[in-house]
Each structure stands twice: as structure tokens, then as C-alpha cells.
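Participant: Before I ask anything, let me first share the structure, which is written out below as C-alpha cells.
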Amino acid sequence: MTEVAGLAPELAGAKEGQGQVPVASAGERFTSYDVEAFEVPGGREENWRFTPLKRLRGLHDGTAALDGAAAIEVGGAGGTADARSADAPRGVTVETVGRDDTRLGDGGVPADRVAAAAWSAFREATVVTLDGTPEPVTISVTGPGAGADAAVHLQLRTTAHTEATVVIEYRGSGTVADNVEVVLGDGSRLTVVITEEWAEDAVHVGAQHFSLGRDATVKATSVLLGGDLVRISPTVSYRGPGGDAELLGLGYADAGQHLEQRLFVDHAVPHCRSNVLHKNALQGAAGRPDAHTVWIGDVLIRAAAENTETFEFNRNLVLTEHARADSVPNLEIETGEIAGAGHASATGRFDDEQLFYLCSRGIPEDVARRLVVRGFFGEILNAITLPELRERLEAAIESELAISGV
Amino acid sequence: MSILEITDLHVSVTTDDGPKELLHGVDLTVRGGETHAIMGPNGSGKSTLAYAIAGHPRYEVIAGSVTLDGADVLEMSVDERARAGLFLAMQYPVEVPGVSMANFLRSAATAVRGEAPKLRTWVKEVKTAMSDLDIDPAFADRSVNEGFSGGEKKRHEVLQLSLLKPKIAILDETDSGLDVDALRVVSDGVNRYRAAGDVGVLLITHYTRILKHITPDVVHVFAGGRIVASGGADLANELEEHGYEKYAATGSGAEVAS
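One line per chain: the protein sequences are C and P, in this order. Take 1 as the starting number for the first sequence in UniProt numbering and just add one per residue. Take 1 as the starting number for the second sequence in UniProt numbering and just add one per residue.
Have a look at this one:
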């Protein structure tokens, strides 16, 4: 159930250093804005080997035209009024910009072919700048519709010492490849919740580029619920010391669903911190393809990154048969001067003994399963400070449980 | 008054070599207000009896009947049995990571009582029950049985007994792994619950020491998957003196006969 590979960086698949031989370090991974700089993946490359390429609808090989349109709305947490209007919330600036906007790319550079394809294809980007202490902002991305595919580009920016909360909600049908840049100014604190609440048919391959200024703090929570295939690759980099990234996440995969989270935290400057906790629950069904989750956690502490403190943890709860959880934590340390570093991965079954114990106290089977799943995800959901959002996600998880009637 | 009737119960367990019969015809009646002790050597099938009554999926009833106040227990799911008034304090309580004891107890009480207990009175009720068993209130926030010592697990089993108020309680080796003080606390808890109502208790044990704290009305000797002798409390003393040897032959004889 649990697979632990050796050094498993992202380079394979790029023209330089590609092939069956893995590169020596995640730090050597290839990046480019140009889709053609990447070889078309065949499925055996380290960074594609868990992804069912056939289900990517051509995002990886250039056959997806990416000519559809995904709707992007920016509003307050409570409503959908477009914040591009004059009555935008105080401290929130929303711009639609062209490809030539010089700020694009501040967050990072694509590290796989789909991210580069999205970068090469988007026509307009949405840039949301947060300043001061604005009210929570919600950005909703709605898929282009069944049968269509679209490239999306989003950038969030915080000015120095801003404190803000942003929710990015993905929903709708179709196929989306995107890059989300999150560029934090010095000393700013950003809480961001990203929810994948897609319709059943949707395919989403996304790259998230977090770039933290000096003493900046980001607390990101990813919630992967919907879609046929969702593959998200967050990258965290630090532009100055004192940066602090907390990345929480949960995924709930049911029959046939593929949920993949591929993380790369690049500690290249001293005195930074990262903490990662990602939890998946899997619920398959007989006669259907497996429920599948993949978690890759690459953390690199470069020689210059003294006094780094990092911990990453992936936990998977397998609720039924017909489920597969792959988990590959990688920690590379190039300096002896670290404050602390650890990684862990645990995959366990919700077993008959637990079920028997709870039921033997009168608790009906469905309630017992819900108790266990709720308890499992509680740590992640409780960190979401927007009560309405948290309740909506809790309800969504409960209904996932109810669907298959396990 | 409640009555648990077990008649000619045959139970098998699934093993790698196919099903294996462990109980070869158990007859036993426990009435509310009575305490029955079942004593026997390891491997005689005592725990199998407990799990079969509770409905553990590993055990299959191949013949016989179990009824509670006339209702067919074997037709009920595990949770239905508990809601009907059966309770099994387990020898090895199961750890359930992620589910807090407080949440678990409230969910169980809600299920068994048919409605959620009122929060104010519930909090007080749990507090009192925990302090009766010398349980630190901090346990309420910990995951069910996770990282608990053997003694802490047993205390929590008796805590559940006192909160869920079953008609018939089966205590499966609740005394095992307890030191003298813990044994007294746990026994006092069971006795308090016995005194509070007409509960029927089926006390499964390997040793006589718990019977010095919880006095049984009837003692049964279990060997070879069935009851081979029954008597009053003094039968326990005899067992303590002479051991199970005398009954071992009867037990294995029964196995051959089956």
C-alpha cells in the first residue's frame, strides 16, 4: 500500500536529464515557461508514474487545445459580486492583465509539461493584490464545461505586512490546467483555502507557486473532494529568511477517482520553517476502478538553508477494499546546521475491529464510519477559520460518505 | 426483569484451515439482578461465548439460540444488540484514533437512549462517572483507547457500562492486567451499577480474585466449549484450590463427542 521510493525529483520528462535515470536531487529539477522545452511524458517518468495519462484528455501531449473559457469571479467571502467593480472590498485590487504583465512569474516557473502548457496557453491572467487587513476574499474558478478545456492563470499578491484570507474554489465541469502564483510580501500573513469541488467529470492539473518574502507566513489548506482526476503540484520557495509555510490538506477519493498531491518545498535560505500535513480517505467500490490517492512530499534543505525547521506528514485512511494510496515522502538535507527535520507517512485501514467496537456500543454502522472519518479530518477542517466554509466542506464530506452507503 | 437465554449454542470461527467449532452446545440463563461467573482455563471458549453474544463478525453461530426478553438476539446487528440492552466489556478494548472519548461516549449514549442526552446534564453525568472510577477528566479529549494503559482501558469499559446502563452486562476478563488498586476501583464500579438496578451480569474470568470483590450468585465451569459444572459461590473457592484439572477431561470428552 505504501511505497517509498529513493530520491524522487521532478526532472525526468524534461529534455535535459530525462530518461529512466533519476536525477540526484530535487534541486536539479527542470523548469521552463515554454511547453515545448518539456518532453511529452510517456508515463514512466518519476513525476508522472502515478498519474493515469490516458485520463488527462491530452493536457500532457499537446492535443488539448486549451481554447475553452473558465469563469473567474472574485468577491467577498459571503457573496459573488465581482470585486473588479468600484465597490471592491477595501484593500483588494483585482486586475485582468495580459501575458506581458511583468509581475507574472514572480511566484515561480512551471516544473512539468502541463503547467508549462497552461502558461503557454492562457490569454489573460487575474491578479489579486491584497493590502492591509482586507475582509476575506473568495475567488471562484468554474470549469469550461463538459468536453471543453481551458488554461487559467491566477496570481495573489500581498503587500508588506498585510494580513489576509483568500478562498479559491474550483467547481464545474471540463478540463482545466492552471498556474496559481501566491507571492507574499515581507512580513505578510496569508491564509488561503483552496477547494476542489468539481463535478464528477472534471480533470484539473494545477501548479501552485508559493513565494514567501522575508518573515512572511502562509497557511494553506487544500481540500480535494470532486473531479475525476485532480493533480496539484504546490511548490514553496523563500525569498528571505524567517518565512513560514504551513500546508495542510485533505483528500476524499471515492470509486474511480484519482487525487494526487505533489509537493516541493525548496529551503534555499536560512531560518525558514515548513510544516506539511496531508490526509486522504479512500473509499472504493466493487466493480469500479480503484479510488486512488497519491501524495509526494519532496522537501529539500539546501546548503545555505541553515536553521531550517521542517516536518511533513501524510496519513491515509483506507475505508474499503478497491482503494490504493501511494505515499512518497522525500527529505534531502544538504547542511548539518538544521533546527529540525522530519518526515512520516502512515497508511491504515478502518478495520472491522474498530467498527465492531463502536457498533457494540449501540452506534449504527454508518454513524460509526462518519465518526471515524470526521475525527480523521477534524485536524485539517478545524484549522479553517471561516465557519460557513468549514461547515460546507464538512457537509460535502458527509455526503461523500452517504453516497456509497458504506 | 430482563432475561438472557442461551440454548444449545454452537459457534464456529473461521480459520485458515476452514471453520473450527469452538462452542459445543452452551445452555445458560441470566436474569436481571443475578451475577453469573464463568470460569475456565485459557482456550476453553469463554471469550468466544462473549463475542458470539455481542455479534462479532468472526464468529458464526451454527446452531442454537440466544434471546433477550424473548427477542432473537442472533437476528440483530451488533449495534441493535447494544441498543436492545446487551453490553460487552472487552478484554482488549479497541483503539480508535481520531475519535475523542467524549464524542464516542455521547454518540453511544445517543444511540442507546434513542435521543441525544441534554448537554448540561450529560456533562455532569460523565464527570461524575469518571470521578467514580478515578479517571482523569483529560481522558475525555483523547482518542478512544489510544495509548491507554491496560488499566485505563478497563476503567473506560466500566465507564461505558455505567453510562449506557445495559440490561445484561458481559464482562470479559475485565480483571486481567489490573493491579490490586485498579481491580478494586473497577469492581466497585461494577458493584455500584449492580446495586443501582436489576442488571444481569455475566462475569468471565480466569482467576478467582475478582470474585472476592464481586460476589457471584452462580459459578459455572467452562471447559472444551461448554459449561461442565455449575454451583454457588463456593465452587469458585474449590476451583482456586484444585484448579481446572478435574474438568479438563470432561471438556475434551465433549469435544470428541461433537
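Even for Gly, the Cβ is constructed at its ideal location relative to N, Cα and C.
Rounded to a whole number of angstroms, what is the C-alpha to C-alpha distance between Pro-144 (chain C) and Pro-166 (chain P)?
Facilitator: Residue 144 (chain C) sits at position 144 when you count from the first residue of the first sequence. Residue 166 (chain P) sits at position 166 when you count from the first residue of the second sequence. Whole-angstrom Cα-Cα distance: 58 Å.
Participant: What do you reckon, are the CB atoms on Asp-69 (chain P) and Ile-3 (chain P) nearer than 8 Å?
Facilitator: As a first step, residue 69 (chain P) is located in the second sequence; it is residue number 69 there, counting from the start. As a first step, residue 3 (chain P) is located in the second sequence; it is residue number 3 there, counting from the start. In contact: Asp-69 (chain P) and Ile-3 (chain P) (Cβ atoms closer than 8 Å).
Participant: For a contact meaning CB atoms closer than 8 Å, what does Asn-103 (chain P) contact in chain C?
Facilitator: As a working mapping, residue 103 (chain P) is identified with position 103 in the second sequence. By Cβ distance, chain C contributes Leu-371, Gly-375.
Participant: Have a look at the DSSP bridge pairing and note the partners of Val-182 (chain C).
Facilitator: Numbered from 1 along the first sequence, position 182 holds the residue referred to as residue 182 (chain C). Paired residue(s): C:Leu-156, C:Phe-210.
Participant: In terms of DSSP beta bridges, what is Ser-237 (chain C) paired with?
Facilitator: Here residue 237 (chain C) refers to the residue found at position 237 when the first sequence is read from its first residue. BP columns for Ser-237 (chain C) point to C:Ser-211, C:Asp-266.
Participant: Unbroken alpha helix (DSSP H) runs of length 4 or more, entirely within the stretch 98-130 of chain P: which are they?
Facilitator: Counting whole runs of 4 or more residues, the stretch 98-130 of chain P contains the alpha helix (DSSP H) stretches 101-113.
Participant: Mapping the DSSP letters down to three states, classify Asn-280 (chain C) as helix, strand or coil.
Facilitator: Mapped onto the first sequence, residue 280 (chain C) falls at position 280. DSSP places Asn-280 (chain C) in strand when its eight states are reduced to three.
Participant: State whether the stretch 240-250 of chain C contacts the stretch 210-224 of chain C, with contact taken as three or more CB pairs (one from each stretch) at a distance under 8 Å.
Facilitator: Verdict: yes, contact present.
Participant: So which residues on chain P does Arg-390 (chain C) lean against when the C-beta distance must stay under 8 Å?
Facilitator: The count along the first sequence starts at 1 and reaches residue 390 (chain C) at position 390. In chain order: nothing, as chain P lies at least about 17 Å away.
Participant: Between the stretch 338-348 of chain C and the stretch 359-367 of chain C, do at least 3 Cβ pairs fall closer than 8 Å?
Facilitator: Touching, no.
Participant: State the Cα-Cα distance for the pair Ala-111 (chain P) and Arg-83 (chain P), rounded to the nearest angstrom.
Facilitator: On the second sequence, position 111 is the one that residue 111 (chain P) refers to. On the second sequence, position 83 is the one that residue 83 (chain P) refers to. Spanning the two alpha carbons is a distance of roughly 7 Å.
Participant: Just curious, the beta strand (DSSP E) that Ile-194 (chain C) is in, first and last residue?
Facilitator: The sequence position of residue 194 (chain C) within the first sequence is 194, counting from 1. Per DSSP, Ile-194 (chain C) belongs to the beta strand (DSSP E) from 189-196.
Participant: Quick one: what's got a C-beta closer than 6 Å to His-270 (chain C)'s C-beta in the same chain, skipping five residues either side?
Facilitator: As a first step, residue 270 (chain C) is located in the first sequence; it is residue number 270 there, counting from the start. It should be noted that the sequence gives Pro, not His, for residue 270 (chain C). Cβ within range, chain order: Pro-241, Ala-305, Glu-306, Asn-307.
Participant: Suppose contacts are defined by Cβ-Cβ distances below 8 Å. Is Thr-174 (chain P) in contact with Val-185 (chain P) by that definition?
Facilitator: Position 174 of the second sequence, counting from 1, holds the residue named residue 174 (chain P). Position 185 of the second sequence, counting from 1, holds the residue named residue 185 (chain P). No, the pair does not count as a contact, with Cβ atoms beyond the cut-off.
Participant: Mind listing, in chain order, the continuous beta strand (DSSP E) runs of no fewer than 3 residues lying wholly within the stretch 34-84 of chain P?
Facilitator: Entirely contained in the stretch 34-84 of chain P, the beta strand (DSSP E) runs reaching 3 residues are, in chain order, 35-39, 59-68.
Participant: Taking the alpha-carbon positions, what's the Glu-28 (chain C) to Glu-309 (chain C) distance?
Facilitator: Counting from one through the first sequence, the residue named residue 28 (chain C) turns up at place 28. Counting from one through the first sequence, the residue named residue 309 (chain C) turns up at place 309. Near 22 Å, if we compare the C-alpha coordinates of Glu-309 (chain C) and Glu-28 (chain C).
Participant: Taking 8 Å as the CB-CB cut-off, is Phe-210 (chain C) touching chain P?
Facilitator: Start at 1 with the first residue of the first sequence, and residue 210 (chain C) comes out as number 210. No - not a single Cβ of chain P is within 8 Å of the one on Phe-210 (chain C).
Participant: So does the stretch 184-195 of chain C actually touch the stretch 57-74 of chain C, counting three or more Cβ pairs closer than 8 Å?
Facilitator: The stretch 184-195 of chain C vs the stretch 57-74 of chain C: no contact.
Participant: At 7 Å on the CB atoms, spell out the chain P contacts of Gln-354 (chain C), in chain order.
Facilitator: Against the first sequence, residue 354 (chain C) aligns to sequence position 354. Near Gln-354 (chain C) (Cβ distances below 7 Å), the residues of chain P are Val-94, Val-96.
Participant: At 8 Å on the CB atoms, spell out the chain C contacts of Ser-162 (chain P), in chain order.
Facilitator: Mapped onto the second sequence, residue 162 (chain P) falls at position 162. Under the 8 Å cutoff, chain C gives no residues; its nearest Cβ is about 13 Å from Ser-162 (chain P).
Participant: Going along the chain, which residues of its own chain have a beta-carbon closer than 6 Å to the beta-carbon of Val-137 (chain C), five neighbours each way excluded?
Facilitator: Against the first sequence, residue 137 (chain C) aligns to sequence position 137. The residues are Val-92, Val-166.
Participant: Could you confirm whether any beta carbon from chain C is found closer than 8 Å to the beta carbon of Ser-107 (chain P)?
Facilitator: For the purposes of this step, residue 107 (chain P) is taken as residue 107 along the second sequence, with counting starting at 1. Closer than 8 Å: yes.
Participant: I want to see whether chain C comes within less than 8 Å of Arg-155 (chain P), judged by CB atoms only; does it?
Facilitator: One-based indexing of the second sequence puts residue 155 (chain P) at position 155. It does not; no Cβ of chain C falls within 8 Å.
Participant: Using a Cβ-Cβ distance under 8 Å, would His-56 (chain P) count as near chain C?
Facilitator: Mapped onto the second sequence, residue 56 (chain P) falls at position 56. At least one chain C Cβ lies under 8 Å of His-56 (chain P).
Participant: Distance, Cα to Cα, Val-30 (chain P) vs Glu-5 (chain P)?
Facilitator: As a first step, residue 30 (chain P) must be located in the second sequence, where it is residue number 30. As a first step, residue 5 (chain P) must be located in the second sequence, where it is residue number 5. Roughly 7 Å between the two C-alpha positions.
Participant: Listed from N- to C-terminal order along the chain, which residues in the stretch 315-329 of chain C have their beta-carbon within a distance smaller than 9 Å of any beta-carbon of chain P?
Facilitator: So the close ones are Leu-317.
Participant: Would you say the stretch 108-122 of chain P touches the stretch 142-153 of chain P, given that touching needs at least three Cβ pairs under 8 Å?
Facilitator: As far as the Cβ criterion goes, the stretch 108-122 of chain P does not touch the stretch 142-153 of chain P, which means the pair count is below three.
Participant: Step through the CB atoms of chain C and report whether any lies within less than 8 Å of the CB of Arg-142 (chain P).
Facilitator: Walking along the second sequence from the start, residue 142 (chain P) turns up at place 142. Output row for Arg-142 (chain P): interface = no.
Participant: Taking C-beta to C-beta, are Thr-35 (chain P) and Asp-217 (chain P) nearer than 8 Å?
Facilitator: Sequence index remark: in the second sequence, residue 35 (chain P) carries index 35 (1-based). Sequence index remark: in the second sequence, residue 217 (chain P) carries index 217 (1-based). Yes. Within cutoff.
Participant: Per the DSSP calculation, Leu-371 (chain C) is bridged to which residue(s)?
Facilitator: Sequence index remark: in the first sequence, residue 371 (chain C) carries index 371 (1-based). Leu-371 (chain C) pairs with nothing; no bridge assigned.
Participant: Suppose the cutoff is 6 Å on Cβ atoms and the five residues either side in sequence are ignored; what does the same chain contact list for Arg-226 (chain P) look like?
Facilitator: By 1-based counting over the second sequence, the position of residue 226 (chain P) is 226. His-24, Gly-25, Val-26, Ala-254.
Participant: Does the count of Cβ pairs from the stretch 362-370 of chain C and the stretch 324-344 of chain C closer than 8 Å reach three?
Facilitator: No: the two stretches stay apart, fewer than three of their Cβ pairs being nearer than 8 Å.
Participant: DSSP three-state call for His-213 (chain P): helix, strand or coil?
Facilitator: Along the second sequence, one-based indexing puts residue 213 (chain P) at 213. DSSP places His-213 (chain P) in coil when its eight states are reduced to three.
Participant: How about Val-373 (chain C) and Leu-401 (chain C): are their beta carbons less than 8 Å apart?
Facilitator: Position 373 of the first sequence, counting from 1, holds the residue named residue 373 (chain C). Position 401 of the first sequence, counting from 1, holds the residue named residue 401 (chain C). The answer is yes: Cβ separation under 8 Å.
Participant: Of the residues P:Glu-245, P:Tyr-244, P:Tyr-193, P:Phe-222, which one's Cα is nearest the Cα of Ser-44 (chain P)?
Facilitator: Position 44 of the second sequence, counted from the start, is the residue given in the question as residue 44 (chain P). Looking at the Cα atoms, P:Phe-222 is the closest of the given residues.
Participant: Using a Cβ-Cβ distance cut-off of 8 Å, determine whether Ile-363 (chain C) contacts chain P.
Facilitator: The count along the first sequence starts at 1 and reaches residue 363 (chain C) at position 363. Closer than 8 Å: yes.
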